[in-house]
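Colleague: Residue numbers (UniProt numbering): 1 to 1112.
The C-beta atom is built at its ideal place from N, Cα and C for all residues, glycine as well.
One structure, as structure tokens, below. Some questions next.
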């Protein structure tokens, strides 16, 4: 009888299961890969399909050479087959469109060379295959809906199939049935075993983005100009996510994307390697309301409009000529393959997909919905998201409402229970293969007292699935504990049982408990999975296969624990007589896990040898305080100096409901002793000051961390300076007494007044030890100004630059002085620019001062009078000084380098001027002229005049001798003349500074003008050495320049051209050392200089030749 009932049940159930048993939905990224090897001379393929795609791969069997492909091509079904002799194609009639979302039945039959195609039982289309090979050899397998990971053989780019398939049979193999029931090894991705409602969805229906990897792709125009996208969205997620994404052609890095960023919409556009252009809307959209979004591209602008508020971005180039998008638009996210490719290109996109609803999608003027999708993943038809945490908070006791799933929530509590109802329920739902969600369980939280246990019943785990319908018994509903609760344990009173697992039957028999560990937490959770196991004669549908995660919340009702006051017997508060000691947890500790620190109140039963007080209210005794005040280090014990050294402080503590026993803390007092710790003296510079701090004078005590509070009295003042105290900001007066606090606050200083001693000192006594007098010694050091900078400012094509610490930096040694005290005085100003203060724009001149602090603050700037169009070297001189130090002088050189473009903007004629010695020459526009479109009239200032002449201007009635300037007009009029000073110089130069005379023109130029002087022979020789030539009688002696020498003022006259001649020597003869056999009558000054003339005496002792004269 039982067997007959089971047969009847199977017969009743199987037809309902078989309605969709051999149906499958493909979503554009789905595929089936089935290993298959065969070689047959016949082929039989039969299936039904429905789709809206015009182009898609439906079916493929592939070998190393042979293959058979069935695909949609322009809404027609085409069969391409290759048996080794080349590809052959057979197709459905051109007028029959098969992408109408209607079911179409397809049959392909091959018997060796005979091939026929039948569509919807119409007239067969028959053809004969060419060649002589008729076996279809399959090695790589069978593929449905897409290639998947198969890349060994290239069959051309084919779009994945999106739609429904049914009754797919290949050579007698029921492909879908085998794959679905795992009767063969196969790879399945993104398949649901029904014809999903998503395929039939209306374009006006909202779309729910549910899974973490959810996305939706549609085709779009590749032209960016005049493109627009429009939609409405609703979400509460503020997590960064993709809303729209489109990338450019594969060879480019162009992208446009719309992202959810911190609850607002951000639009990003990147063209090539250019910088990303982005703009963020001001509208917060993560509020659970519908928001209308429009993106429009009107070159060169792109607009983001959210709820009628527009954000515009501008391109740098015309978009239509520089960028085209891909024809595929991603909505809500991107697939893993696309994300990997973008990451390899260095493009960053959010890791998450959008969570929420989108509706009324328009691409251009075209309405888009799920029916129009190229590929989808993780979506549901309709807006399934509900936001129970919006509006009124469903949680009590200041609990935080957290969204769970599509329409549920969880309350997170700091303490106690915060659920609006103790019967707050949640659901476990199977979604994946059903057109609608299938409710499996309803979960209800456990309620347990602190430290106790509670049964887990079918009320907590209520199975709403009609599990007997699927052949599942109570023992077939299996719960697996993934992780034991943190604050308790799950006890399964069944033996034997699988570890951390129990069944619905165990729950029904009251065999499963939750046991709390007694901790003070008010919530706990149990993370589990539920699994269904049917009897052998039943096959579970796919949507019930596998495990489903679930979480049971545990609400724990706390029980008050009395506080326990713990003072260890070894705890002792040691302090000096009459001082204060801190009360902390190391001395006094309370154990009360269910009370906060501000709820625990200590009461003083007996204060012992002192009293307690708050640090912030010193001098006022207290009889109670909280644990929080003690943890904040605000409670101190004050010992009475006249009280006994040893005593006990008696305390007890209450949590407001119960009170602890009395505990005692031992107090031990001792005598405090002070000794001097630091008396370092002070090093100062003459006429300087030095601050005296607690690092110079301080005392230490036998009490650790004891703060010194002492009064100091000066009993002998310094002889050469004065000790001063700061009475108010920067106001110092002579001091005769000061405190420890003054030293800590740096309010005491020594100031030197007179003479240049090596030492000074003063004496003081203190209230810490009034019997001793201490001497504080001041040592003087000579001050020296030290420079640590380059003294050169380099400017590259800029008109202004600050004088920084790298250019001008002085310090004093051996003691560092304030930067504000180091002063610079300008002794000579720059020629081609000016110095000015940044904060006041004051132009500085000779005698003006600034400080090293101004340099550190970049307050001193050098600025050219006009924009330079030449290389310029400028400088200024300064003197640096500080009181007590010897002054120093220095120079800052300024080197300006224009760019090549700047140099090309000025055409300069600069030719050497030739002039005779003592003469003059006109400087005209052929020698000096500056031509530029930037300037009309220039004035030339002579910054370095000629050293061997001067300039003058003869312009009409105007004559300027030794002029320091001239103009372009005067140059063109040939009115500028150089006059040589008749000196024996071959060259002369002068530097000029040309600048625009109009304030409307910004131009200056500096260069050196070269003058070449042609020397004249216009001077007579003159004698330099004039003395008697002495020689031994009848002897011989060299005649040299030390005996006879003439010179010529003309600088280009060499010694060889000064020639001496004589007619007769009365007492001797002259010979050339190179030829002593012949007497000479003519020689040069060079012969004298070289020492090659020999005089031989013969005749009278004295003689004179009046005919000797040099000439040239």
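#1: Please go through the same chain and pick out, in chain order, the residues whose beta-carbon is closer than 6 Å to the beta-carbon of residue 1001, but skip the five residues on each side of it.
#2: Does DSSP classify residue 32 as helix, strand or coil?
#3: Roughly how many angstroms lie between the CA atoms of residue 715 and residue 772, to the nearest whole one?
#4: Taking C-beta to C-beta, are residue 583 and residue 637 nearer than 7 Å?
#5: Please go through the same chain and pick out, in chain order, the residues whose beta-carbon is closer than 7 Å to the beta-carbon of residue 622, but skip the five residues on each side of it.
#6: Could you name the residues of the same chain whose beta carbon sits closer than 7 Å to that of residue 561, not counting the 5 residues immediately before and after it, in chain order?
#7: At which residues does the beta strand (DSSP E) containing residue 89 begin and terminate?
#8: Using DSSP bridges, identify the partner residues of residue 547.
#9: Can you tell me whether DSSP reads residue 777 as helix, strand or coil?
#10: Quick check: what's the CA-CA separation for residue 115 versus residue 87?
#11: Distance, Cα to Cα, residue 607 vs residue 626?
#12: What residues are listed by DSSP as bridge partners for residue 502?
#13: When the Cα atoms are used, what is the spatial distance from residue 821 to residue 713?
#14: Between residue 878 and residue 923, is the Cβ-Cβ spacing less than 7 Å?
#15: Just curious, the beta strand (DSSP E) that residue 737 is in, first and last residue?
#16: State buried or exposed for residue 181, treating a residue as buried only when at least 16 other CB atoms are found within 10 Å of its CB.
#17: Do residue 528 and residue 478 come within 7 Å of each other at the CB atom, strictly closer than that value?
#18: Leaving out the 5 sequence neighbours to the left and right, which residues in its chain are closer than 7 Å to residue 520 when beta-carbon positions are compared?
#19: For residue 261, which of 247, 351, 694, 188 has the nearest alpha-carbon?
#20: Which of the three DSSP states, helix, strand or coil, is assigned to residue 184?
#21: Name the residue from 534, 538, 473, 460 whose alpha carbon lies nearest to the alpha carbon of residue 512.
#22: Using the C-alpha atoms, what's the distance from residue 494 back to residue 328?
#23: Do residue 685 and residue 884 have their C-beta atoms closer together than 7 Å?
#24: Where do the ends of the beta strand (DSSP E) carrying residue 785 lie?
#25: Taking only the alpha-carbon atoms, compute the straight-line gap between residue 952 and residue 970 and give it to the nearest angstrom.
#26: Quickly, what does DSSP pair residue 1036 with across the bridge? List them, please.
#27: Taking Cβ positions, are residue 682 and residue 665 nearer each other than 7 Å?
#28: In chain order, what residues of the same chain have a beta carbon less than 6 Å from the beta carbon of residue 434, not counting five sequence neighbours either side?
#29: May I ask you to report which of helix, strand or coil DSSP gives residue 17?
#30: Look up residue 484 in the DSSP assignment and say whether it is helix, strand or coil.
#31: Looking only at its own chain, which residues have a Cβ that is under 6 Å from the Cβ of residue 234, when we skip the five neighbours before and after it?
#32: Could you give the first and the last residue of the continuous beta strand (DSSP E) run that contains residue 44?
#33: Which of the three DSSP states is assigned to residue 617 in this structure?
#34: Residue 405: which of 210, 488, 280 sits nearest, CA to CA?
#35: Considering only the beta carbon of each residue, do residue 876 and residue 828 sit closer than 7 Å?
#36: Provide the residue span of the beta strand (DSSP E) that contains residue 1045, from first to last.
Modeller: In short, the structure shows the following:
#1: 935
#2: strand
#3: 11 Å
#4: yes
#5: 612, 613, 614
#6: 592, 593, 594
#7: 87–91
#8: 531
#9: strand
#10: 13 Å
#11: 16 Å
#12: 479
#13: 31 Å
#14: no
#15: 737–739
#16: exposed
#17: no
#18: 558, 593, 594
#19: 351
#20: coil
#21: 460
#22: 58 Å
#23: yes
#24: 784–787
#25: 11 Å
#26: 1096
#27: no
#28: With a pLDDT of 39 at residue 434, under the threshold of 50, the modelled position of that residue is not reliable, and no figure is offered here.
#29: Confidence at residue 17 is low in this model, with a pLDDT of 38, below 50, so its placement is unreliable and the value that follows should be read with caution. Note: residue 17 maps to helix in three-state DSSP.
#30: coil
#31: 290, 356, 357
#32: 42–51
#33: helix
#34: 210
#35: yes
#36: 1044–1047
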